[in-house]
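First residue of the sequence shown? That's 159 in the numbering used here, and the numbers climb one at a time after it.
Every residue gets a Cβ at the ideal spot worked out from N, C-alpha and C, and that includes glycine.
Taking it in order: structure first as structure tokens, then the write-up.
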Amino acid sequence: MTTSTHYAKALLDAYEQATSENSAGKMLDHFVSFIKQHRLAPLVPAILSAVLREVELRQYRKSSVIQVAHATPESTFKMFENSVITENKNLIGGFTVKQEDRAIDASVSGALEQLRMVMKSV
């Protein structure tokens, strides 16, 4: 059974792959026709709610999670779009950035951990 979440994901996937505003409009028209043809109108409110949830989730996944050791102006990290900056005193100094499947660790605690790992292997 297909749920409103599945329809929402399919709609967003198709919309994100649209190469122009015109093709996005045609895709939305096709989706509305699909809803009418399959008599899914009662699901439209649930589909729209699921679209909103999925958009928020996708934006969060694309956002950068930045931890700083000490309060830092947001302009310092302006190159990272949709960033969420938090303070973490355990870093001792520096910062960490995590975005999707990438990470940057420029913190003192990260350097100490790397040193600890090297010393264990000696």
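In this structure L170 does not touch V226 by the C-beta definition: roughly 32 Å separates them, more than the 8 Å allowed. For K220 against N246, the beta-carbon gap comes to about 22 Å, at or over 8 Å, which does not count as contact. Residue environment analysis places L273 among the exposed positions, since fewer than 16 neighbouring C-beta atoms fall within 10 angstroms of its C-beta. In the three-state reduction of the DSSP assignment, A176 falls in the coil class. Here the alpha carbon of V202 sits roughly 23 Å from the alpha carbon of N180.
In this structure, the beta-carbon distance from A176 to M185 falls below 8 Å. Counting along the chain, G252 sits inside the beta strand (DSSP E) bounded by residues G252 to Q257. In terms of Cβ geometry, I205 and A166 form a close pair [threshold 8 Å]. Around the CB of L249, 16 or more other CB atoms lie within 10 Å, so the residue is classed as buried.
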